[in-house]
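Peer 1: So for the sequence shown, UniProt numbering puts the first residue at 1; every next one is plus one.
Even for Gly, the Cβ is constructed at its ideal location relative to N, Cα and C.
Since the model is a prediction, treat every value here as computed from it, not as a measurement.
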Amino acid sequence: MIEVIGAGLPRTGTTSLKAALERLGFGPCHHMQEIGAHPEQIELWRPAMDGTADWDAVLRGYRAAVDWPSAHFWRPLALAYPNAKIILTVRDPHAWYASLRDTVFALLSDPGAAPRELQPVITGLRPLLARVWRDTFGTSLDEPMPGESHAVEVFLRHTADVTGALPADRILTYEAGQGWEPLCDFLGVPVPDEPYPRLNDRQSAQDRLRGAAGR
Numbered sequence: 001m002i003e004v005i006g007a008g009l010p011r012t013g014t015t016s017l018k019a020a021l022e023r024l025g026f027g028p029c030h031h032m033q034e035i036g037a038h039p040e041q042i043e044l045w046r047p048a049m050d051g052t053a054d055w056d057a058v059l060r061g062y063r064a065a066v067d068w069p070s071a072h073f074w075r076p077l078a079l080a081y082p083n084a085k086i087i088l089t090v091r092d093p094h095a096w097y098a099s100l101r102d103t104v105f106a107l108l109s110d111p112g113a114a115p116r117e118l119q120p121v122i123t124g125l126r127p128l129l130a131r132v133w134r135d136t137f138g139t140s141l142d143e144p145m146p147g148e149s150h151a152v153e154v155f156l157r158h159t160a161d162v163t164g165a166l167p168a169d170r171i172l173t174y175e176a177g178q179g180w181e182p183l184c185d186f187l188g189v190p191v192p193d194e195p196y197p198r199l200n201d202r203q204s205a206q207d208r209l210r211g212a213a214g215r
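1) Do the region 37-51 and the region 87-103 meet, that is, are 3 or more Cβ pairs less than 8 Å apart?
2) Within the continuous alpha helix (DSSP H) that includes Glu143, where are the two ends?
3) Nearest to Arg170 by alpha carbon, out of Ile35, Val58, Leu79 and Arg11?
4) Are the Cβ atoms of Trp74 and Ile5 separated by less than 7 Å?
5) Is it buried or exposed for His31, if we count other Cβ within 10 angstroms and need 16 for buried?
6) Following the continuous alpha helix (DSSP H) through Gly177, name the residue where it begins and the one where it ends.
7) Can you name, in chain order, every residue of its own chain whose Cβ lies under 8 Å from the Cβ of Thr139, other than the five neighbours on each side?
8) Roughly how many angstroms separate the alpha carbons of Leu77 and Lys85, rounded to a whole number?
9) Quick one: Cα of Met49 to Cα of Arg131, how far?
10) Do the CB positions of Thr12 and Val90 come within less than 7 Å of each other?
11) Leaving out five residues before and five after Glu148 in sequence, what residues of the same chain have Cβ atoms less than 6 Å from its Cβ?
12) Excluding the 5 residues flanking Pro182 on each side, which residues of the same chain have their C-beta closer than 8 Å to its C-beta?
13) Since Gly6 is in the beta strand (DSSP E), which residue starts that stretch and which ends it?
14) Out of curiosity, what's the CA-to-CA distance linking Glu34 and Ala20?
15) How is Pro121 classed by DSSP in three states: helix, strand or coil?
16) Please report how far the alpha carbon of Val154 lies from the alpha carbon of Pro195, in whole angstroms.
17) Residues in the same chain with beta-carbon distance under 7 Å from Thr159, minus the five sequence neighbours each way, listed in chain order, please.
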């Protein structure tokens, strides 16, 4: 049963949030990485394109879900799991744009640039992710990356849509760097005696892409 839904766009600290939620006992947490580890999930996600996803089947065994594709479906997930809390990860939108352009867009626009182990997943999910991209930015993955001003508007509109649609006690707007305290207070759990995770930053993601391209 899903207890936490991440509504933040990719490249807003979702990999670190996945690790944090699992450390706090809300695991396993679904993330795009999980589809890489379990490519059989691709078939479960395809009905999401036409609104017929069986969320209990798609997310069976998970207690939380963050990042695309699940974050794109935060509205139906919030309805399907009315007791789940929503975490909206945010960051400076201009820094977010640069990170998204150099990582997520690079992967989706050219699946061959992905690490070899992820290429079948990116290819198999591409119809769904292309739909998610078009719904988000209004452009095709075959077109150039949307301009920064347009993408920043999309980011700000997404933030306003999520925060405006949910009661204040159900949503936490969380920015990378705030540490454990606001997250633990929101979820009602103790603060761990260890640093908040910092994973998959822009540099490490770009390094993996360069390594894949050089193979």
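Peer 2: Put simply:
1) No: fewer than three Cβ pairs fall under 8 Å.
2) From DSSP, Glu143 is part of no alpha helix (DSSP H); its letter is neither H nor E.
3) When only C-alpha atoms are compared, the closest one is Leu79.
4) Their beta carbons are under 7 Å apart, which means Trp74 touches Ile5 by this criterion.
5) Classification for His31: buried.
6) Here Gly177 belongs to no alpha helix (DSSP H), and DSSP marks it neither H nor E.
7) Around Thr139: Trp133 and Pro146.
8) C-alpha separation (whole angstroms): 11 Å.
9) Within the model, the alpha-carbon separation for Met49 versus Arg131 is close to 7 Å.
10) Yes.
11) Listed in chain order, the non-local C-beta contacts of Glu148 below 6 Å within the same chain comprise Tyr97, local neighbours out to five positions each way being set aside.
12) Result list for Pro182: Leu172 and Tyr174, in chain order.
13) Looking at the DSSP string, the run of the beta strand (DSSP E) that includes Gly6 is Val4 to Gly6.
14) In a straight line, the C-alpha of Glu34 is about 16 Å away from that of Ala20.
15) Correcting the residue identity first, residue 121 is Val in this sequence and not Pro. Helix at Val121.
16) Whole-angstrom Cα-Cα distance: 32 Å.
17) Answer for Thr159: Leu88 and Val90, listed in chain order.
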